[in-house]
Structures are given as C-alpha cells and as structure tokens.
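In this note's numbering, the protein residues as written are 642 to 1099.
Ideal placement from N, C-alpha and C gives every residue a C-beta, glycine not left out.
A quick note: this is a predicted structure, and the numbers were derived from the prediction, not measured.
Heads up, the thing below is written out as structure tokens.
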Ligand SMILES: Cc1ncc(COP(=O)(O)O)c(C=O)c1O
C-alpha cells in the first residue's frame, strides 16, 4: 500500500515558530499612527494589544520559542497530517504529485486556532480579562471563542452581518465555547451606529466589524482586541504549518515546485509558505501562489499603499495591498476572504517577487470543491476551495505540459458548517461577481490623502 498520509508524533512538533521578518530581502516599512502619521511605537498599540504580543509584532528574531502551555493545547490536534492526494491526481489524470496539509482537523475546523491559542495565552499572561474580535465566516470567531475558554478569558465577537445570517451554526459554536456573538454593524458601538445611519441595510464587512471590536477594547483597560490574520504576530504563529510540512515532505522524499494557499488576510497562506519562502530567498526555485476571490481582488487589483485596517480609521496605517478601507465586497460565500487589505509581509513579498498572486471566480472554486470532495472525501470550506481550484489549474497545466510537478497546498479548513453555501451552489443560486473598475477607483479615492509608502503603486 502506498503511504497516503505523513504523520508526525506529538514529540516531533516544532518547538519554535519562524519569523520571516528576519529574512525579508528588502525589509518592511513601519505601521503609522492613525492620528499623527508617524511610525507607531509599542506604546501606540498598547490600548489594543498586550505588550508581550506587541513585542512579537515588532520582533525581527528569526526563531521564537513556543510556550509549553501553547504546545500542550496544540497537541489536541497538532501535528496535523500531510496527505498525498492520490484520489485527486487520478481524477485529474495528471502527472503532478499533489500534497495537502490538513488544517481542518482542529476542533474549530480550520487553521485559525494556531494563532488563537497563542493570542489567548499571551493575553492571559498579561492579565487581560476580556478579548473582542471580528469574524467573517465565523472560523476565526469560533477559534478564538474556544481558546478564550481554555484560558478563562471572556470573548466578544462581532460577526459580519451577511455571514451571521448565512452561517448560524458558527454562532452556535461560539456560544458553545462561551463567547457572545453580535451581528455587525450593530447598535452596540459608535462605529456600528454611524455605519447603520449611512447604510441601514449594510451586509457588513470585516473592516466594519474590526472598528466595532477595537472601539470596545480601547474603552476598557482590561479588554484587549485580537486579530485573526494580517498582523506579523499572526503570521509567526501560523508558521507551525509550514515547519511541520517541511518535515513531512522530507518523510515523503519530496520537495514542492509549487505552493498554494488561499489569501484573505494572508495567514494560512503565510503559515504554510513562509518557511519554504526562506528556501526561495536562499535560491530555491519555487512558485508560491496566493489565491484570492475575483470579487475581492486585493492583491491582483489593489495598489500597495498605506491604509487603515478598519472602516472607521481607528487602526494604525499599514503598508499593504488594499482596495480601500471603505470597500465592501460582494456577498460571496467565502466570508473569510472578504477583506479589503492584506498582511503587510505578504504584500511586501509580492513586491519582492517571492510570491505571486492569482484570483479565481466563485463558481470555479465550488466546482473544484466538488471534484476534491468526490476524489479525496473531505468537504472544503469555501475559502479553502480557492486553494483547491488553483491546485487543479496547476495540475492540469502540468498535464498539458507533460511535467511531473510537485504541488503542495494548504487545506485550511473543512466546510461542514458551510453546507448552506453548497446548497446554494447545487440550486443554481450562486454566480460570479464582476467587479467594475469604477467601484475599485471610487474606494481607492479614500487613500489619496493618506501618507504613501516608498514603494507605493498608487
Ligand atoms: C478556512 C479558511 N481558510 C482561509 C481563510 C482566510 O484567512 P487567512 O488569509 O487569514 O488565512 C479563512 C478565514 O476566515 C478561513 O476560515
């Protein structure tokens, strides 16, 4: 029998996270204070984050020890298995060898607990009593709810309204783990009320939900805010995915020519790819592809600029690819990919030519999810189907070219709580969303008065 999955023991779990900040070929520009426009110091972030996480956010240490308490919680599902997708390879009749890292085995069903555990732990150590956050599809909110319950911290989640209505089961997961979940925009905050005044029927966006969560954190010194993607410390925590995958690819006796991850804020993509990106920086030839939805094309159509992380302009200005902080994407089912910005490190590595972005329409992603489910068994989250669809494209290209490429992708989460999206697909209720250039241009007008990074592409 051929080996289907490559499994590490608890003792093989990496003990250190990798921080690519130590190895960026051209460094990075700093975040700027939203009021003064000057580079942010640690004290500027202190109202929102605990100091131990701020230190990590600004760290350029290559390796960061994973605390024992975090390792113990990781061990609930980590190391996660690496699979060889024999079934998918056969279905596509491709000479490509396809591997996927299964991050759907966590209790919350995605990669998000990799950072939620670390963030809850560091907040606990710092004395935080309550954490506020935003969530799109509910993957991040449910992950944080679970991890706050592990460490005895109260958790409050603002869930993007469209997803709150589309995905009631994620809200119930959050409640099971003891969190309070509110549809955003809500009347609970100044930010929510001001948005509702202008657009009472707003479907919400991650940018709006972040504004609400940050507002509540700033208002109370025992409350902090946690972000499930985008920031440097989140990329650091997620590196455990790629560090494990490196060991597992070695077990398989293989090395990837192509690495693929879906990109919302960039964290699962970064988690799998950054340890390999270091090999690329050191001379390896790897094609590293970040896949986003065509209806929220942050990397493929958004410029590199300074922009706010939220709609109401409370967060620091980050140097990143952005569609503008007021951009409201079409209500596609991949809620976790509906974000106007992108991790600054991912954005920088695109400028540096280490990573390449691609975008895919919604219908192709669901078709890919069906092919994957019928050949490998697992039902993917709609976000994750973007990585599956790109993998299928690359595997078919390899077939056309007659090349035996090795493809590694991140299977970032299962879709068992997203079956309403699959139902909509089966009933012909899903479509592709064309995004007119005028809509992007209108949203980008908001960036004009903001400071520009040196490598600005506006
Ligand atoms: C399963 C899954 N994959 C991918 C993403 C995209 O987020 P990120 O780019 O931070 O990995 C999400 C976000 O909610 C998700 O739930």
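Once you ignore the five residues that flank residue 886 on each side, which residues in its own chain have a CB closer than 7 Å to its CB?
Same-chain partners within the cutoff: 723, 742, 913, 1049.
Rounded to whole angstroms, what's the CA-CA distance from residue 1093 to residue 947? Just pull it up for me.
Using only the alpha carbons, I get a separation of about 6 Å.
Could you give the uninterrupted runs of the alpha helix (DSSP H) lying entirely in the segment 973 to 1042, keeping only those of 4 residues or more?
Taken in chain order, the whole alpha helix (DSSP H) runs of length 4 or more contained in the segment 973 to 1042 are 985 to 992, 1003 to 1017, 1025 to 1042.
Quick one: Cα of residue 1088 to Cα of residue 897, how far?
Spanning the two alpha carbons is a distance of roughly 38 Å.
Out of curiosity, what's the CA-to-CA distance linking residue 636 and residue 861?
The requested residue 636 does not occur in the structure, where the chain is confined to residues 642 to 1099.
If we count the other Cβ atoms within 10 Å of its Cβ and call it buried at 16 or more, is residue 1068 buried or exposed?
That one is exposed.
Using DSSP bridges, identify the partner residues of residue 1047.
Looking at the DSSP output, residue 1047 shares a beta bridge with 738.
Taking just the CA atoms, how far does residue 1006 sit from residue 1060?
Straight-line Cα distance between these residues: approximately 14 Å.
At a threshold of 7 Å, does residue 1050 count as lining ligand 1 (C-beta to nearest heavy atom)?
Checking the Cβ of residue 1050 against ligand 1 gives no.
Beta-carbon contacts of residue 1035 that lie in its chain and below 6 Å, excluding the five residues immediately before and after
In the same chain as residue 1035, and ignoring 5 residues on each side of it, the C-beta atoms closer than 6 Å to its own belong to 899, 1048, in chain order.
Give the straight-line distance between the Cα atoms of residue 863 and residue 689, rounded to the nearest whole angstrom.
Near 10 Å, if we compare the C-alpha coordinates of residue 689 and residue 863.
Selected residue, minimal CA-CA separation from residue 917, among 909, 929, 908, 906:
Closest by alpha carbon: 929.
Hey, could you find the ends of the beta strand (DSSP E) residue 895 is sitting in?
Where residue 895 is concerned, there is no enclosing beta strand (DSSP E), given that its DSSP letter is neither H nor E.
Quick one: which unbroken alpha helix (DSSP H) runs of 4-plus residues sit fully inside the segment 754 to 801? Chain order, please.
Within the segment 754 to 801, the runs of alpha helix (DSSP H) that reach at least 4 residues and sit entirely inside it are, in chain order, 754 to 767, 780 to 791.
In the structure shown, what three-state DSSP assignment does residue 945 receive?
Residue state, collapsed to three classes: strand.
Is it true that the CB of residue 952 sits closer than 8 Å to the CB of residue 967?
Annotated as proximal: residue 967 and residue 952, with beta-carbon spacing under 8 Å.
Once DSSP output is grouped into helix, strand and coil, what is the label at residue 1055?
For residue 1055, the secondary structure class from DSSP, reduced to helix, strand or coil, is strand.
Does DSSP classify residue 864 as helix, strand or coil?
Residue 864: strand per DSSP, three-state reduction.
Which residues count as close to ligand 1 when the rule is a CB under 6 Å from any of its heavy atoms, in chain order?
Any residue whose Cβ sits closer than 6 Å to a heavy atom of ligand 1 makes the list: 751, 777, 778, 780, 781, 870, 903, 904, 905, 906, 907, 908, 909, 910, 977, 978, 1022, 1024, 1025, 1053, 1054.
For a test of the three-state rule: what should DSSP assign to residue 701, helix, strand or coil?
It is coil, neither helix nor strand.
Tell me the residue span of the alpha helix (DSSP H) that contains residue 711.
Its alpha helix (DSSP H) spans residues 709 to 715.
For residue 892, which residues of its own chain have a beta-carbon under 6 Å away from its beta-carbon, when the five flanking residues on both sides are left out?
The residues are 647.
Beta-carbon separation (whole angstroms), residue 975 vs residue 1024, contact threshold 8 Å
About 5 Å separates the two Cβ atoms, so the contact holds.
Are at least three pairs of beta-carbons, each pair with one atom in the segment 729 to 745 and one in the segment 774 to 789, less than 8 Å apart?
With a cut-off of 8 Å, the segment 774 to 789 and the segment 729 to 745 do not count as touching, because too few Cβ pairs lie within range.
Burial state of residue 679 (16 or more Cβ within 10 Å):
It counts as exposed.
CB contact flag (residue 1054, residue 751, <8 Å)
Closer than 8 Å, so yes.
Measuring only the C-alpha atoms, how far is residue 1004 from residue 1074?
Each residue's Cα considered, the two are about 10 Å apart.
Limits of the unbroken beta strand (DSSP E) element including residue 961
That run of the beta strand (DSSP E) goes 958 to 962.
Straight-line Cα distance separating residue 883 from residue 941
Pairing residue 941 with residue 883, the inter-Cα distance amounts to about 24 Å.
Write down the C-beta distance between residue 881 and residue 1051 rounded to the nearest angstrom, noting that I regard them as a contact closer than 8 Å.
That pair is no contact at about 12 Å.
Looking at the strands, I want to know which residues DSSP matches up with residue 933.
Answer is 1000, bridged to residue 933.
With 16 other Cβ atoms within 10 Å as the buried cut-off, status of residue 760:
By the neighbour-count definition (other C-beta atoms within 10 Å, threshold 16), residue 760 is a buried residue.
Contact test: residue 948 Cβ vs ligand 2 heavy atom, cutoff 7 Å
Ligand 2 is absent from the structure shown, which contains only ligand 1.
Candidates 808, 973, 979, 832, of which the one nearest residue 1070 by Cα
The residue with the shortest Cα to Cα distance from residue 1070 is 973.
Short Cβ contact (8 Å threshold) for residue 988 with residue 945:
Cβ atoms of residue 988 and residue 945: closer than 8 Å.
Find out if the Cβ-Cβ distance for the pair residue 1096, residue 990 is shorter than 8 Å.
No; because the gap between Cβ atoms is not below 8 Å, this pair is not in contact.
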